[in-house]
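> Here the protein sequences line up with chains X and S, keeping their order.
My numbering applies: residue 1 is where the first sequence begins, and numbers increase by one.
My numbering applies: residue 1 is where the second sequence begins, and numbers increase by one.
Each residue gets a CB set at the ideal place from its N, CA and C atoms; glycine is no exception.
Values in this document were obtained by computation on a predicted structure and should not be read as measured data.
A single structure is presented below for examination.
There are 2 protein chains.
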Amino acid sequence: MSNDPLVIFTPSGKRGHFAAGTPILTAARQLGVDLDSVCGGRGICSKCQITPSYGEFSKHGVTVAEDALSEWNSVEQRYKDKRGLIDGRRLGCQATIQGDIVVDVPPESQVHRQVVRKAASNRTIVMDPATHLYFVEVDEPDMHEPTGDLERLARALKDQWDIEHITADLSIMTRLQPVLRKGKWQVTVALHKSHTATAHKVLEIWPGLTEDRIYGLAIDLGSTTIAAHLCDLRNGEVKASSGVMNPQIRFGEDLMSRVSYSMMNPGGDKEMTNAVRTAINGLTEAIATEADIRPFQILETVFVCNPVMHHLLLGIDPVELGQAPFALATSDSMSLNARDLDLSVMNENAQVYILPCIAGHVGADAAAVALSEAPNTSEDLVLVVDVGTNAELLLGNKDRVLACSSPTGPAFEGAQISSGQRAAPGAIERIEINPDTKEPRFRVIGSDIWSDEDGFDVAIATTGITGICGSGIIEAVAEMRMAGLVDSKGLIGSSAQTGTERSVAEGRTHSYLIHDASDQGGPRISVTQGDIRAIQLAKSALYAGARLLMDEMGVDKVDRVVLAGAFGAYISTKHAMVLGMIPDAPLDKVSSAGNAAGTGARIALSNLAARREIEKVVREIVKVETAIEPKFQEHFVNANAIPHATDPFLELAKVTNLPDNNFNTKSNDSGDTGGRRRRRRS
Amino acid sequence: MSNDPLVIFTPSGKRGHFAAGTPILTAARQLGVDLDSVCGGRGICSKCQITPSYGEFSKHGVTVAEDALSEWNSVEQRYKDKRGLIDGRRLGCQATIQGDIVVDVPPESQVHRQVVRKAASNRTIVMDPATHLYFVEVDEPDMHEPTGDLERLARALKDQWDIEHITADLSIMTRLQPVLRKGKWQVTVALHKSHTATAHKVLEIWPGLTEDRIYGLAIDLGSTTIAAHLCDLRNGEVKASSGVMNPQIRFGEDLMSRVSYSMMNPGGDKEMTNAVRTAINGLTEAIATEADIRPFQILETVFVCNPVMHHLLLGIDPVELGQAPFALATSDSMSLNARDLDLSVMNENAQVYILPCIAGHVGADAAAVALSEAPNTSEDLVLVVDVGTNAELLLGNKDRVLACSSPTGPAFEGAQISSGQRAAPGAIERIEINPDTKEPRFRVIGSDIWSDEDGFDVAIATTGITGICGSGIIEAVAEMRMAGLVDSKGLIGSSAQTGTERSVAEGRTHSYLIHDASDQGGPRISVTQGDIRAIQLAKSALYAGARLLMDEMGVDKVDRVVLAGAFGAYISTKHAMVLGMIPDAPLDKVSSAGNAAGTGARIALSNLAARREIEKVVREIVKVETAIEPKFQEHFVNANAIPHATDPFLELAKVTNLPDNNFNTKSNDSGDTGGRRRRRRS
């Protein structure tokens with residue numbers, strides 16, 4: 001046993017003996033303790049702060065004497081005087097070991113802070129990004145041993161940080177000499193090393209030790225919305241989140257119409273590429289302003305997107321994605337310079353990582369959902385449904401994961417719905433219908449007060465009641481089904497059949513009136529027979545996709561369901577089940593994951609191992625192509641009923657009894673909209 | 001011993017036994033015989049043509065029967081009918097081994113053709129460039145096994161060419177899908193793999209098997225002239241050579257004045273960078289037109305240049321190169337995209353390689369000279385002098401190589417000379433002075449006829465006699481010294497002292513009249529005392545640099561001298577010695593290497609191993625900084641005399657006796673111009 005002092009680090013519990021005089025930072029490094037340092041132990045960055053503990057620690061079997069650490073030295077004292085230091089803290093690079101000692105590493109001194117904790121999958125993501133800051137002291141040039149400034153910077157990084165090989169683009173080279181001289185041969189460099197690279201790339205350089213932080217963007221590039229998180233690349237903190245509409249909407253609401261636009265208009269793909277890149281530049285500017293940082297501090301961006309957006313972002317004509325065999329130009333992950341995508345607002349050397357695509361219909365957004373929800377690590381069989389204009393579905397467990405996409409159309413986002421609107425203040429997002437009185441109560445975005453509660457009118461005074469958003473229409477149709485206003489075929493009953501004046505005849509069909517402000521010049525909000533049909537089309541497509549994966553897996557039920565998507569978090573799982581959007585499952589096994597694609601992007605931004613992992617997972621995922629699968633049509637037709645024509649939904653029956661109405665007075669076969677279905681993607 | 005047929009390849013002599021039915025191409029590959037193929041053995045590229053030999057070969061110990069190869073098959077026959085085939089030739093991929101056979105590989109079927117053969121250094125350079133063409137058949141996309149087109153191209157290259165890892169820039173990605181379909185899943189790709197890269201990069205892609213050839217540029221980017229060779233990247237053939245003036249001349253004739261321009265004018269470095277890049281684009285266009293190729297066929301460019309041009313080409317402000325310690329921004333070799341240098345005329349994916357710099361005063365041009373002349377492999381001690389506005393000197397042998405630069409100024413290029421001009425038709429390039437009559441005879445560029453020969457007047461009718469170029473002024477001064485018109489101090493004698501009316505008084509000094517056409521309104525061409533002083537300054541700087549290297553090496557003589565430089569080939573070695581430009585050496589040991597820097601660029605373009613080699617050599621070269629070496633001044637002063645004040649020049653004395661005149665009638669010390677010397681670089 002060593003006679004050297006024993007050092008115990010908390011919270012890691014790592015311990016070891018070190019010669020008296022060893023700095024705490026050195027001990028931490030040798031033990032692999034997660035203790036930060038940017039300046040490399042020169043007492044100027046203060047990232048290596050630690051809290052020594054004194055007294056008796058029976059748990060650890062040590063007693064720490066008052067003189068277990070060296071006395072304050074001048075470097076520490078100068079730092080404390082100049083910048084301040086929390087009481088009890090020491091600089092790990094200055095304080096040296098003199099006797100047995102217990103050292104706590106506070107969270108802010110840990111590099112690998114946890115940033116994403118997924119309860120469902122039992123995973124934690126720690127910070128291990130591609131880009132880090134390093135402070136170095138560079139040798140001055142010597143005429144007698146002539147080398148370039150870059151080569152001396154490389155040598156300093158080798159000597160002081162053990163970094164072997166660096167590269168630098170010309171924009172760095174042109175600034176290197178003045179920055180080195182301004183910093184008096186001390187500089188901070190941002191080095192990027194992706195999981196596939198062999199060299200570290202210099203992305204930015206500052207004279208001296210910079211006060212600047214560095215940031216990354218995690219961008220979920222959707223057909224309709226571009227959503228971005230601005231994350232601190234040191235600790236993963238989300239500094240700002242922002243979104244803009246995808247300006248490509250003016251070329252086509254859904255993806256297939258954008259592909260058509262490109263086919264019909266020479267140069268149309270270029271127009272769309274320019275539009276989306278310009279929008280991303282605008283979003284970058286806005287999010288930097290919101291977070292009060294300068295755009296050049298953004299050094300990395302991760303993109304997740306569907307294949308058509310993927311190609312349009314890259315400047316590749318998506319025409320091949322519009323026809324079988326739906327060939328991607330490239331499916332693997334991509335590492336690029338942001339400037340190659342004309343992303344000129346962020347740092348000119350910013351690096352872009354795009355997750356791999358799974359197939360021509362199943363993109364990097366689905367890969368990001370897989371990264372976030374990790375079906376490939378699940379013990380039980382999980383169905384992950386990413387709800388959007390085009391839905392992506394993943395089914396699997398640790399043995400095997402299947403994927404497909406399904407063209408649900410935009411109904412779930414409130415489009416093609418008579419009173420539909422996007423989720424915005426004033427939109428009805430929750431609705432309940434009393435099964436006895438058939439009277440509705442609802443809530444609108446922007447207020448927590450239900451429409452039959454006191455104060456509702458005041459609460460909505462500024463927003464009004466403007467329409468129904470995606471989650472609202474799902475609840476409305478499901479509530480109508482539960483309240484006996486709609487039968488299992490999707491037919492809305494007449495007021496005679498349903499016993500409520502809210503059933504209003506409209507030609508040969510009926511609609512259900514939720515809210516009427518037309519006498520005050522406001523909207524008349526109702527659910528029409530056409531709305532029900534649109535929702536049936538959408539949910540049938542979703543369900544048929546899920547069933548196809550279940551066929552392929554050889555199962556007729558799943559253990560649990562995860563609803564994801566930009567508005568996945570807002571969908572009531574019970575109502576989704578009543579509607580038959582998803583296969584029957586115990587309600588407590590149906591959960592919402594929110595914007596899992598965005599979370600996946602954030603994980604890939606924060607952690608290099610996650611990039612390696614998802615690339616491997618994507619290669620192993622089995623793709624099921626719904627467009628050519630004959631059984632899809634059969635599943636689609638059967639799924640048209642609410643909740644389903646043939647599947648029993650026994651779990652659903654445990655929590656709700658659906659009325660057994662039939663409002664069709666002529667035949668039992670109407671209401672089948674299968675023949676009207678057309679393929680749609682977006 | 002094998003019973004399989006024996007195959008013997010000539011000229012390599014490689015031999016081996018192969019099973020009957022083995023194609024010749026397969027046998028060649030297994031034996032490592034240099035036999036070309038672009039299509040990978042599909043009988044369509046015809047690069048693998050071979051000539052079988054029949055009969056008895058006692059030398060090889062075999063008899064080749066008439067049926068030693070398979071009969072013509074339909075692929076071969078179709079190729080012959082369509083494109084023709086030289087009598088006796090077969091396609092190596094189609095003809096199979098049936099019995100013992102002797103196979104000759106003609107030069108045009110060898111990949112590694114010799115392109116540069118250096119007699120002096122006993123080296124041959126074979127073609128092994130970074131960029132090659134590969135024909136591949138790519139699998140069509142399969143919906144059930146979705147992968148990207150790029151990934152299937154990568155797999156084809158792996159399967160068909162054993163190429164492991166490829167990358168492609170977006171410009172290739174955007175064209176990949178249409179080209180694959182146009183070529184019916186057969187494409188030719190140009191792949192680039194530099195000696196430092198881990199992956200092959202796709203530079204260009206053609207549908208089917210392309211008829212296009214691919215080219216590279218070897219560019220010697222000088223202060224005054226930009227010279228380029230356009231080389232076929234398959235066989236190294238120089239298709240065209242061309243040059244333009246460096247337009248930076250308008251910012252300053254020599255390098256230091258360009259550095260000053262940058263210091264005095266904010267943005268001046270950018271102006272100069274734009275000027276030189278624009279000129280290179282123009283040169284690229286011109287050379288492509290001259291060779292009748294399309295500029296996109298140019299896939300590679302190698303640059304050699306001095307440090308100031310190096311930085312200005314890269315867009316780096318050269319200000320640090322203007323002052324001690326002459327720090328380079330970067331000294332290592334560089335591999336770049338041509339578009340990063342705004343070189344937009346050549347292929348948009350063209351790759352640039354820039355040789356390493358040796359020191360702040362000794363650039364990539366000197367490295368190229370070292371690559372071409374290979375002093376590092378020399379058994380005897382060789383001095384390589386690259387003559388230009390700034391001279392680079394290398395001294396060494398296989399044990400050790402030293403380098404320095406010396407600011408000779410532009411006199412050797414005919415600038416700052418009263419009748420001086422650049423080397424162009426009409427310029428006097430050779431001159432002889434009769435030591436008895438003191439009468440000159442000369443030759444001008446554009447004619448081989450001497451001025452005292454019949455037909456001279458006719459020969460020069462179009463060009464006239466316009467001035468003296470660099471090699472002409474060197475000969476003129478040396479001839480004047482040999483003819484007793486100039487004494488060892490450099491003083492021109494009066495007509496009384498020299499006995500010729502061609503010595504003409506001009507104020508207190510004299511000039512020597514070579515040609516007078518002033519009565520016909522033409523020029524009066526003479527060598528003035530000022531011209532002699534300018535040449536003395538230049539040659540003293542050159543000699544002092546050489547002496548400094550000899551001091552460092554600890555020698556007082558060298559075994560041989562190589563004169564290099566754009567006009568190095570035109571300098572008479574004897575006259576250079578008379579002048580004392582170079583240290584004394586046996587005249588047969590003084591040779592001209594022509595534009596060795598340009599040759600070095602061509603070698604680096606043709607052969608990857610050469611890049612590796614020169615990078616290693618440059619790291620090992622010992623740099624001597626003339627600017628701070630106190631002995632430089634002493635050497636400079638002593639070298640002012642013609643040929644030298646103190647060094648004996650015994651070898652020179654064996655071939656010529658220099659008159660021992662002294663035209664100074666006042667003191668022995670005038671004519672020493674050492675004090676007037678100023679540093680100049682260009």
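Answer with yes or no whether the minimum CB distance from G252 (chain S) to chain X is below 8 angstroms.
no
> Would you tell me roughly how many angstroms separate the C-alpha atoms of G315 (chain S) and E271 (chain S), rounded to the nearest one?
10 angstroms
> Below 8 angstroms between beta carbons: does that hold for T500 (chain S) and S418 (chain S)?
Contact flag unset, no.
> DSSP state of L217 (chain S), grouped into three classes?
The answer is strand: DSSP assigns L217 (chain S) an E or B state.
> Going by the CB atoms, is the gap between A227 (chain X) and G598 (chain X) shorter than 8 angstroms?
yes
> Taking the alpha-carbon of E439 (chain S) as reference, which of S:S406, S:M482 and S:A68 has the nearest alpha-carbon?
Nearest C-alpha to E439 (chain S): S:M482.
> Within this structure, are the beta carbons of P356 (chain S) and V618 (chain S) separated by less than 8 angstroms?
yes
> Are I433 (chain X) and I468 (chain X) close, meaning C-beta to C-beta below 8 angstroms?
No, the Cβ-Cβ distance between I433 (chain X) and I468 (chain X) is not below 8 angstroms.
> Could you tell me which uninterrupted beta strand (DSSP E) segments, each at least 3 residues in length, are contained entirely in the stretch 373 to 413 of chain X, listed from first to last along the chain?
382 to 386, 391 to 397 and 400 to 406
> Who are the neighbours of I316 (chain X) on chain S, taking C-beta pairs under 7 angstroms?
Within chain S, the residues near I316 (chain X) are M173 and T174.
> Leaving out the 5 sequence neighbours to the left and right, which residues in its chain are closer than 6 angstroms to I44 (chain X) when beta-carbon positions are compared?
Annotation for I44 (chain X): L209 place their beta carbon closer than 6 angstroms to its own, counting only its chain and skipping 5 residues before and after.
> Determine the chain X residues that contact L170 (chain S) at a beta-carbon separation under 7 angstroms, and present them in chain order.
L314, G315 and D340
> Would you say A275 (chain X) lies against chain S (beta-carbon separation less than 8 angstroms)?
no
> Closest Cβ-Cβ distance between P146 (chain X) and chain S: below 8 angstroms?
Contacts with chain S at 8 angstroms (Cβ-Cβ) include P146 (chain X).
> Quick check on Q110 (chain X): does DSSP put it in helix, strand or coil?
Q110 (chain X) falls in the coil class under three-state DSSP.
> Taking C-beta pairs closer than 9 angstroms, name the residues in chain S that F326 (chain X) reaches, listed in chain order.
Neighbours of F326 (chain X) on chain S, chain order: P141, M143 and P146.
> Using a threshold of 8 angstroms, state whether the C-beta atoms of V624 (chain X) and L402 (chain X) are closer than that.
yes
> Please compile the residues from chain S whose C-beta is within a distance smaller than 8 angstroms of the C-beta of D332 (chain X).
For D332 (chain X), the residues of chain S that pass the 8 angstroms Cβ criterion are G148, L150 and E151, in the order they occur in the chain.
> What separation, rounded to the nearest whole angstrom, lies between the Cα atoms of S540 (chain S) and A476 (chain S)?
17 angstroms
> Say whether chain S places a C-beta atom closer than 8 angstroms to the C-beta of K182 (chain X).
With 8 angstroms as the cut-off, K182 (chain X) does not count as an interface residue toward chain S.
> Write down the C-beta distance between D100 (chain X) and P23 (chain X) rounded to the nearest angstrom, noting that I regard them as a contact closer than 8 angstroms.
D100 (chain X) to P23 (chain X), Cβ: 16 angstroms. No contact.
> Is there a Cβ of chain S sitting closer than 8 angstroms to that of Q177 (chain X), yes or no?
Yes - at least one Cβ of chain S is within 8 angstroms of the one on Q177 (chain X).
> With DSSP as the reference, label F251 (chain X) as helix, strand or coil.
helix
> Helix, strand or coil, according to DSSP, for R422 (chain X) in the structure here?
coil
> List the residues of chain S whose Cβ lies closer than 8 angstroms to the Cβ of E137 (chain X), in chain order.
The contacting residues do not exist; E137 (chain X) stays about 16 angstroms from chain S at best.
> Give me the Cα-Cα distance between H144 (chain X) and A154 (chain X), rounded to the nearest whole angstrom.
19 angstroms
> What are the boundary residues of the beta strand (DSSP E) that R524 (chain X) is part of?
R524 to V527
> Closer than 9 angstroms by beta-carbon distance: list the chain S residues that pair up with K623 (chain X), in chain order.
M143, H144, E145 and P146
> Rounded to whole angstroms, what's the CA-CA distance from T188 (chain X) to T196 (chain S)? Just pull it up for me.
27 angstroms
> Output yes if chain S places a C-beta closer than 8 angstroms to the C-beta of T198 (chain X); else output no.
yes
> Using a cut-off of 9 angstroms between C-beta atoms, extract the partners of A329 (chain X) located in chain S.
G148, D149, L150, M173, T174, L176 and Q177
> Any beta carbon from chain X within less than 8 angstroms of A279 (chain S)'s own beta carbon?
no
> Would the beta-carbon of T284 (chain X) fall within 8 angstroms of that of P295 (chain X)?
Between T284 (chain X) and P295 (chain X), the C-beta gap is smaller than 8 angstroms, which places the two residues in contact.
> Assuming L91 (chain X) and Q160 (chain X) make a contact with CB atoms under 8 angstroms, what is their CB distance in whole Å?
That pair is no contact at about 17 angstroms.
> Beta-carbon of H17 (chain X) versus every beta-carbon of chain S: anything under 8 angstroms?
no
> Provide the residue span of the beta strand (DSSP E) that contains E204 (chain S), from first to last.
H200 to P207
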